[in-house]
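**Q**
Protein chains: 2
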Amino acid sequence: MKKTTINDIAKEAGVSKATVSRVLNHGELVDEETRNRVLDIIQKHRYSPSLVARNLSNRASNTIGIVIPEIDNAFYGKILRTIVNITDAEDLIPVCFDTGNNAEKDVRSLCVLRDLRVGGLIYAPSVEYGAACVTKQAKQLLDDMGVPTVLIDRHVPDFQRSGVFFDGFDAGYRATKILIAAGHVNIGVVTGSLKLGIARARLDGYRKAHEECGLPVRRALVFEGDFTSETACLLSREMLSLPERPGAVLTCNNDTSLGFLQALGEKKLKIPRDIEHVGIDEIDVFDDLHMRYNHIARSRVEMAQAAMALLLAQIRNPDARPENVWIAPRFVLDARLERVAVKHKIIAKTQKGASRP
Amino acid sequence: MKKTTINDIAKEAGVSKATVSRVLNHGELVDEETRNRVLDIIQKHRYSPSLVARNLSNRASNTIGIVIPEIDNAFYGKILRTIVNITDAEDLIPVCFDTGNNAEKDVRSLCVLRDLRVGGLIYAPSVEYGAACVTKQAKQLLDDMGVPTVLIDRHVPDFQRSGVFFDGFDAGYRATKILIAAGHVNIGVVTGSLKLGIARARLDGYRKAHEECGLPVRRALVFEGDFTSETACLLSREMLSLPERPGAVLTCNNDTSLGFLQALGEKKLKIPRDIEHVGIDEIDVFDDLHMRYNHIARSRVEMAQAAMALLLAQIRNPDARPENVWIAPRFVLDARLERVAVKHKIIAKTQKGASRP
DNA sequence: TTGTTTGATGTTACCGGTTACAGAAACCGG
DNA sequence: CCGGTTTCTGTAACCGGTAACATCAAACAA
Numbered sequence: 005m006k007k008t009t010i011n012d013i014a015k016e017a018g019v020s021k022a023t024v025s026r027v028l029n030h031g032e033l034v035d036e037e038t039r040n041r042v043l044d045i046i047q048k049h050r051y052s053p054s055l056v057a058r059n060l061s062n063r064a065s066n067t068i069g070i071v072i073p074e075i076d077n078a079f080y081g082k083i084l085r086t087i088v089n090i091t092d093a094e095d096l097i098p099v100c101f102d103t104g105n106n107a108e109k110d111v112r113s114l115c116v117l118r119d120l121r122v123g124g125l126i127y128a129p130s131v132e133y134g135a136a137c138v139t140k141q142a143k144q145l146l147d148d149m150g151v152p153t154v155l156i157d158r159h160v161p162d163f164q165r166s167g168v169f170f171d172g173f174d175a176g177y178r179a180t181k182i183l184i185a186a187g188h189v190n191i192g193v194v195t196g197s198l199k200l201g202i203a204r205a206r207l208d209g210y211r212k213a214h215e216e217c218g219l220p221v222r223r224a225l226v227f228e229g230d231f232t233s234e235t236a237c238l239l240s241r242e243m244l245s246l247p248e249r250p251g252a253v254l255t256c257n258n259d260t261s262l263g264f265l266q267a268l269g270e271k272k273l274k275i276p277r278d279i280e281h282v283g284i285d286e287i288d289v290f291d292d293l294h295m296r297y298n299h300i301a302r303s304r305v306e307m308a309q310a311a312m313a314l315l316l317a318q319i320r321n322p323d324a325r326p327e328n329v330w331i332a333p334r335f336v337l338d339a340r341l342e343r344v345a346v347k348h349k350i351i352a353k354t355q356k357g358a359s360r361p
Numbered sequence: 005m006k007k008t009t010i011n012d013i014a015k016e017a018g019v020s021k022a023t024v025s026r027v028l029n030h031g032e033l034v035d036e037e038t039r040n041r042v043l044d045i046i047q048k049h050r051y052s053p054s055l056v057a058r059n060l061s062n063r064a065s066n067t068i069g070i071v072i073p074e075i076d077n078a079f080y081g082k083i084l085r086t087i088v089n090i091t092d093a094e095d096l097i098p099v100c101f102d103t104g105n106n107a108e109k110d111v112r113s114l115c116v117l118r119d120l121r122v123g124g125l126i127y128a129p130s131v132e133y134g135a136a137c138v139t140k141q142a143k144q145l146l147d148d149m150g151v152p153t154v155l156i157d158r159h160v161p162d163f164q165r166s167g168v169f170f171d172g173f174d175a176g177y178r179a180t181k182i183l184i185a186a187g188h189v190n191i192g193v194v195t196g197s198l199k200l201g202i203a204r205a206r207l208d209g210y211r212k213a214h215e216e217c218g219l220p221v222r223r224a225l226v227f228e229g230d231f232t233s234e235t236a237c238l239l240s241r242e243m244l245s246l247p248e249r250p251g252a253v254l255t256c257n258n259d260t261s262l263g264f265l266q267a268l269g270e271k272k273l274k275i276p277r278d279i280e281h282v283g284i285d286e287i288d289v290f291d292d293l294h295m296r297y298n299h300i301a302r303s304r305v306e307m308a309q310a311a312m313a314l315l316l317a318q319i320r321n322p323d324a325r326p327e328n329v330w331i332a333p334r335f336v337l338d339a340r341l342e343r344v345a346v347k348h349k350i351i352a353k354t355q356k357g358a359s360r361p
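Taken in sequence, the protein lines are chains A and B. Going letter by letter, the first sequence gives residues 5 to 361 in my numbering. Going letter by letter, the second sequence gives residues 5 to 361 in my numbering.
Next up, the structure:
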């Protein structure tokens, strides 16, 4: 069953395909009678022009590429949904790749998107660009593509591209300050691979807070994982079995928090009775169930919207200067921690709706 | 900055573009010296042919469309991730739309995919096809497209298309039987919109179980929501405030379970002390944290894999007969309910790894 | 009346590839 | 030395659209 083309329509209507094209795109230029005849035939065959041909001819592309790790992580799930809702409203076609945090897949995905000649790109790099050569490849590809690109979530230093980020350093810093202010000196931390910039930033914040308060950072309390709950659980078990168990713990993303809480449950430890905890990143289910979970949240919807706004601006005006947007953290703390945090001026007075009784 | 094309390469290499094309596709037909010269120039310019042009010329499309509601629902998130991992391995390009359970968006998305001339389609319809005319449109579109299509999750009766489904009727039926076998006669149910086939199926199972056991189905205990946790919470509050509160509750998807559990928490009610509960669909976090949650799970990965297998088979052999795959439910029950269920032969003896102590 | 504008449509080239076909050079056996 | 292969490469048509330009008749202005 062959698809009907513009030629078929033209032949049947007894006009040239230019006329059919005009009917499709600039109807007003065509005689009403002719136009109606052509439209009838189009309707009859339920003809609709090929975007492939059209894009080739227009050397324009209404597709945008989305490259993210872990689509099934709630964080990126929400991001993705927000993005596709916007692309939809803007008549853009989203082409989506999942890299699984594997830098080689970044390269492969970017290659495909390059060949597709997408008109824009939203990209959360698997690994921060650095020594690793495969990621230099990714950088090279982005340059080759020469297409409006907005980074999301993962910051890349010295990289002239727009981006929407969350200030992980600040989050780690303030979370730790809060725990210190609450009287803790032995603070464990579970984070992701320190190859990842975001993981490093959060840990740096943790360090800075210690330094500032004249506390030593004890290496034995720093647990480098991979941002998965499985690893975080293993590490947390280890941490909770230390001879001198930390009095408080900072976990650096949603899955890490989950892993930690799991280990905690296994040991029958309770927050805040036995240990204090602050996580970075939210966990929807806990919100839904109003479960206690002290954490620093960042609005995923806001991030995605900001990213798309930057992208659209760049598509419309290719000369726009790259711009970085930093999303403000939202502190969701129980009454006691909140009081402490406010008293020490670590967070502003009131964040309406953000705190839980 | 114009993209380099096959013509640029040809010119620089002093050959015709046919030769360049041959180098790209059937290298063996080209003289080694010429080939190397062309390859060098290709490398130098980092040229890579346009998929748009190539697809047009080949009248073949290596894209596949994915149309699902709620990408940010963990269920579809996992499905999507599995799908894109497979498309990736098969060198297919995934184009993904989120319909938000809005049938009009189904139509819009399918239109775009039709115009894109995708080579295949994975589709979870927003609403079951029936009287609603807009969904007839979707059906029409699928016919027009004449492209291999696999439905996922949402069954459509009398529709000659492959699909991968979960037997919601059976799940609702057995879940209810278990609760009855555990001694309950007053069983509440919170479900999604009954316009949705999957919601109806689950509720029908609930009814059948009652009927079979000679129990009346009390209308006041049937709560029709929309499969969101917010609505489910509202309905559950209502249900839990009934003068004679049900002794057990069936919730029909993951978010509905969440809403119910939230309402339960508000009323300070405990499972199983105050009330018994079985949900349909899993909630990852509960798994991670080993939290008690009696439910009927279905493997999302398995569903997505089956769908892609069907799709690929159809793409390779367009004459393949449509085929429906029904995914087996997995019962995750606490020891007591499991004992009851096995004793009454509602579930098979042992499902290794499925039960929790 | 004639030159000019206007409106509707056809002709043609082009977008960036692929491929059927043709032709030239080299090779090979008789 | 000649006809037939084989090997390599170029020509041209095509995929399904768009758009600049050409054409031509009718309408209009001088």
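Where a beta carbon is used, it is the ideal one built from N, C-alpha and C, also for glycine. A quick note: this is a predicted structure, and the numbers were derived from the prediction, not measured.
(1) Whole angstroms are fine: how far does the CA of Ala339 of chain A sit from the CA of Met295 of chain A?
(2) Quick one: does Ile287 of chain B have its CB under 9 Å from some CB of chain A?
(3) Going along the region 278 to 303 of chain A in order, which residues come within less than 7 Å of chain B, judged by CB to CB distance?
(4) For His348 of chain A, is the classification buried or exposed, using 16 other Cβ atoms within 10 angstroms of its Cβ as the cut-off for buried?
(5) Counting only beta-carbon separations shorter than 9 Å, does Ala229 of chain A have a partner in chain B?
(6) Quick one: what's got a C-beta closer than 6 Å to Asn105 of chain A's C-beta in the same chain, skipping five residues either side?
(7) Which residues in chain A have a C-beta closer than 7 Å to the C-beta of Leu265 of chain B? List them in chain order.
(8) Would you identify the three-state DSSP class for Cys237 of chain B, choosing helix, strand or coil?
(9) Can Thr67 of chain A and Ile87 of chain A be called in contact, C-beta distance under 9 Å?
(10) Starting from the Cα of Val329 of chain B, find the closest Cα among B:Ser303, B:Ile319 and B:Asn77 and give me that residue.
(11) If you follow the alpha helix (DSSP H) that Ser261 of chain A is part of, which residue opens it and which one closes it?
(12) Please classify Asp44 of chain A as buried or exposed, where buried requires at least 16 other C-beta atoms within 10 Å of its C-beta.
(13) Only counting the same chain, and skipping five residues up and downstream in sequence, which positions put a Cβ closer than 7 Å to that of Glu228 of chain B?
(14) Which chain A residues sit within Cβ distance under 9 Å of Ser54 of chain B?
(15) Let me check one thing: in DSSP terms, what residues is Ser166 of chain B bridge-paired to?
(16) Please name the residue, chosen from B:Lys274, B:Val168 and B:Leu246, that lies closest to Gln309 of chain B on a Cα-to-Cα basis.
(17) In three-state DSSP terms, what is Glu280 of chain A?
(18) Compare the beta carbon distance of Leu84 of chain A and Ile70 of chain A with 9 Å and say whether it is the shorter of the two.
(19) Could you tell me how far apart the beta carbons of Pro161 of chain A and Leu125 of chain A are, in whole angstroms, since I believe they sit closer than 8 Å?
(20) Of all the residues that make up the region 57 to 81 of chain A, which are near chain B by a beta-carbon distance shorter than 9 Å?
(21) Could you name the residues of the region 88 to 100 of chain B whose beta carbon sits closer than 8 Å to any beta carbon of chain A, in the order they occur along the chain?
(22) Could you work out which residue in B:Glu280, B:Gln266, B:Thr235 and B:Ala236 is closest to Phe249 of chain B when comparing CA atoms only?
(23) Please compile the residues from chain B whose C-beta is within a distance smaller than 9 Å of the C-beta of Leu84 of chain A.
(24) Work out the CA separation of Val111 of chain B and Ala17 of chain A for me, nearest whole Å.
(25) Scan the region 138 to 156 of chain B for residues whose Cβ lies nearer than 7 Å to a Cβ of chain A and list them as they occur along the chain.
(26) Run the CB neighbour count on Cys217 of chain A, radius 10 Å, all protein chains shown included, and call it buried at 16 or more, exposed below.
(27) Is there at least one Cβ from chain A nearer than 9 Å to Ser130 of chain B's Cβ?
(28) Going along the chain, which residues of its own chain have a beta-carbon closer than 7 Å to the beta-carbon of Thr9 of chain B, five neighbours each way excluded?
(29) Please name the residue, chosen from B:Tyr177, B:Ile191 and B:Ser25, that lies closest to Arg52 of chain B on a Cα-to-Cα basis.
(30) Consult DSSP for Ala213 of chain A and reduce its assignment to one of helix, strand or coil.
(31) Keeping to the same chain, check which residues put their C-beta closer than 7 Å to that of Ile350 of chain B; ignore five residues upstream and five downstream.
(32) Report the residue from A:His30, A:Leu28, A:Val42 and A:Glu32 whose alpha carbon sits nearest the alpha carbon of Val19 of chain A.
(33) Which residues does DSSP list as the beta-bridge partners of Cys100 of chain A?
(34) Where does Asn328 of chain B sit, in a helix, a strand or coil, going by DSSP?
(35) According to DSSP, is Ala301 of chain B helix, strand or coil?
**A** Quick answer:
(1) 14 Å
(2) yes
(3) Ile287, Val289, Asp292, Leu293 and His294
(4) exposed
(5) Sequence inspection shows Gly at residue 229 of chain A; the Ala mentioned does not correspond to that position. By this cut-off, Gly229 of chain A is not an interface position.
(6) Pro73 and Ser130
(7) Leu293
(8) helix
(9) no
(10) B:Ser303
(11) Asn258 to Glu270
(12) exposed
(13) Thr195, Ser197 and Leu198
(14) Leu60, Asp119, Leu120 and Arg121
(15) B:Val154
(16) B:Val168
(17) strand
(18) yes
(19) At roughly 19 Å, the Cβ-Cβ gap does not stay under 8 Å, so Pro161 of chain A and Leu125 of chain A are not in contact.
(20) Ala57, Arg58, Asn59, Leu60, Arg63, Ser65, Thr67, Ile70, Glu74, Ile75, Asp76, Asn77, Ala78, Tyr80 and Gly81
(21) Val88, Asn89, Asp92, Ile97, Pro98, Val99 and Cys100
(22) According to the sequence provided, residue 249 of chain B is Arg. The question's Phe does not apply to it. Residue B:Glu280 is the option with its Cα nearest to Arg249 of chain B.
(23) Ile75, Asp76, Gly81, Leu84, Cys100 and Asp102
(24) 28 Å
(25) Asp148 and Gly150
(26) exposed
(27) no
(28) none
(29) Residue 52 of chain B is actually Ser in this sequence, not Arg. If we check each option's Cα against that of Ser52 of chain B, B:Ser25 comes out closest.
(30) helix
(31) Arg178, Lys181, Ile182 and Ala185
(32) A:Val42
(33) A:Ile70
(34) strand
(35) strand
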